[in-house]
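Residue numbers (the working numbering): 367 to 762. Each residue gets a CB set at the ideal place from its N, CA and C atoms; glycine is no exception. Note that this is a predicted model, so its numbers are computed, not measured. Structure first, then comments.
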Amino acid sequence: MKPTELEERYGARNYAPLDIVIDRAEGVWVWDIDGRRYLDCLAAYSAVNQGHCHPRIVEALIRQSRKVAVTSRAFHNAELGAFFRDVCELTGFERALPMNTGAEAVETAIKLARKWAYTRKGVPSGEAEILAFANNFHGRTTTIVGFSSEPQYREGFGPFTPGFELLPFGDASAARAAVGPNTAAVLVEPIQGEGGIVVPPDGFLAELREVCSERDALLIVDEIQSGLGRTGRMFAHEHDGIRPDVMLLGKALSGGLYPVSVVVADAEIMDVFQPGDHGSTYGGNPVGAAVARAALAVLQDERLVENSARLGEYALGRLRGVRSPLVREVRGRGLWIGIELHESAGGARPYCEKLATQGLLCKETHDHVIRFAPPLVIGREELDWALDRIEEVLQP
Ligand SMILES: *Cc1c(COP(=O)(O)O)cnc(C)c1O
């Protein structure tokens with residue numbers, strides 16, 4: 367059987383992938399099983415900001431796998447301390463808690479905020495509330511989908527964890543009205559990625575920061591997709607000049623080689639966790655730690671944040687200049703751009719399919735948005751080639 371037939375025959379049907387079978391990849395390029403080459407403008411939802419199979423990260427993975435891969439946290443391992451140091455130095459926080467997937471980092475932050483609320487803020491037992499935003503994406507666990515506003519993410523999966531409330535994204539006055547004595551935290555994506563690259567009004571995060579400080583609630587920013595250079599800053603919340611209380615990283619933290627996520631916070635918050643409160647068998651294992659250190663070093667040494675800012679501004683300028691009756695809005699920051707089409711265009715998917723036949727891979731989000739998010743190692747010529755293809759496909 368062909369690979370796709372095997373997938374169909376044996377795989378669960380929870381995805382509907384484009385009809386491309388990727389066989390290998392390098393940098394911004396991927397090749398299918400027939401040897402056709404594509405420019406990857408999804409970058410595995412920003413997991414491969416450093417480009418596919420970056421030699422330095424691959425090397426770290428191989429070297430560490432030969433030495434020791436998993437120890438569990440029942441013991442110390444020789445890689446973990448340096449990983450914590452690198453993450454804390456990069457983020458400016460005092461403590462790091464490693465997990466594997468993004469959703470686990472979000473779950474960890476929810477537990478952290480609740481325990482902080484009960485032990486530090488004095489919220490009555492069982493009453494802690496977490497505020498999140500409509501149109502959010504924080505992962506797929508039952509607790510997380512319970513506070514999604516996307517019907518398909520929820521329907522059929524209840525009952526859900528109580529203690530969450532949704533506010534309109536970008537509306538700081540709604541947050542000001544909602545944060546109260548039982549609010550443990552406000553959980554926010556600086557830019558909503560899966561929601562359609564939705565950029566909030568300037569100052570939105572700054573105002574959330576102010577409300578949280580005034581009312582003694584934690585500001586948790588989910589930078590799992592927006593962080594690590596994607597928006598032209600190391601972290602997207604820097605655009606608003608704020609410092610959150612808790613930050614979540616994942617995806618590009620490992621350069622796409624292996625799932626690594628982390629929660630960072632200062633000691634006064636993180637230290638509500640005591641031995642036995644939380645954990646993960648694979649979280650903080652030596653391979654993950656070595657891979658993440660290499661992935662962070664590549665981001666910095668290759669100045670990928672600067673590249674994202676410079677080429678992102680250029681790409682946004684070109685796409686905003688496109689005159690097409692199909693396009694409703696072009697928005698984004700850095701190399702993270704959403705092209706929202708009018709309903710009359712018939713959805714973004716056919717345009718992504720057409721782009722794929724021309725050698726450019728991207729993925730629609732929220733039906734009407736073409737998401738453009740190439741690896742941050744992309745060069746100007748490759749970018750121009752991609753933008754030419756996109757401009758073409760937008761001409762009816
Ligand atoms: C992808 C994503 C997650 C979930 O990460 P997984 O590794 O898929 O569990 C959480 N939050 C945001 C903002 C994301 O983009």
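Problem - Supposed contact pair A551 and A479 - C-beta distance, whole angstroms, cut 8 Å - result: 4 Å
Practice task
Over the uninterrupted beta strand (DSSP E) stretch that includes L615, give me the two end residues.
Solution key: V612 to L615
Exercise for the section: On a CA-only basis, which of E455, A541 and S592 is nearest G700? Give me that one, please. Expected result: S592
Exercise for the section: Go through its chain and collect everything with a Cβ distance to Y680's Cβ below 8 Å, but skip five positions before and after it. Expected result: R746 and L749
Practice task
Give the secondary structure of Q591 by DSSP, where H, G and I count as helix, E and B as strand, and everything else as coil.
Solution key: coil
Handout entry: Spatially closest choice to E706 from T527, I736 and V587, by CA coordinates
Key = I736
Practice task
Please work out which residues of its chain come closer than 6 Å, Cβ to Cβ, to A656, disregarding the five sequence neighbours upstream and downstream, and give them in chain order.
Solution key: A426, Q430 and E445
Exercise for the section: Answer yes or no: do I342 and D611 have a C-beta to C-beta separation smaller than 8 Å? Expected result: Only positions 367 to 762 of the chain appear in this structure, which leaves residue 342 out of reach.
Exercise for the section: Go ahead and label F449 buried or exposed: buried means 16 or more other beta carbons lie within 10 angstroms of its beta carbon, across all protein chains shown. Expected result: buried
Handout entry: Heavy atom of ligand 1 within 7 Å of F503 beta-carbon
Key = yes
Exercise for the section: State buried or exposed for Y404, treating a residue as buried only when at least 16 other CB atoms are found within 10 Å of its CB. Expected result: buried
Exercise for the section: Alpha carbon to alpha carbon, how far is E392 from A572? Give it in angstroms, no decimals. Expected result: 39 Å
Problem - Runs of alpha helix (DSSP H) wholly within the stretch 491–553 (minimum 4 residues, chain order) - result: 508–512, 517–520 and 538–544
Practice task
Take every Cβ of the stretch 593–604, pair it with every Cβ of the stretch 624–642, and state whether three or more of those distances are shorter than 8 Å.
Solution key: no
Practice task
Can you tell me the Cβ-Cβ gap for P762 and P716, rounded? I've got them flagged as a contact below 8 Å.
Solution key: Incorrect: roughly 12 Å between the Cβ atoms, too far for contact.
Exercise for the section: Using DSSP bridges, identify the partner residues of V628. Expected result: P464 and L615
Handout entry: Euclidean distance between Cα positions of A498 and R402
Key = 42 Å
Practice task
Label D406 either buried or exposed according to how many other C-beta atoms from any shown protein chain fall within 10 Å of its C-beta, with 16 as the threshold for buried.
Solution key: buried
Practice task
Say whether chain D places a C-beta atom closer than 8 Å to the C-beta of G654.
Solution key: Within the model displayed, chain D is absent; a lone protein chain is all it includes.
Handout entry: Assumed close pair L670, I756 - CB separation to whole angstroms, cut-off 8 Å
Key = Not confirmed; about 22 Å, so no contact.
Exercise for the section: Measure the alpha-carbon distance for M367 versus R596 and round it to whole angstroms. Expected result: 39 Å
Practice task
Please classify V638: does DSSP put it in a helix, a strand, or coil?
Solution key: coil
Handout entry: Whether A661 touches I423 by CB criterion (8 Å)
Key = yes
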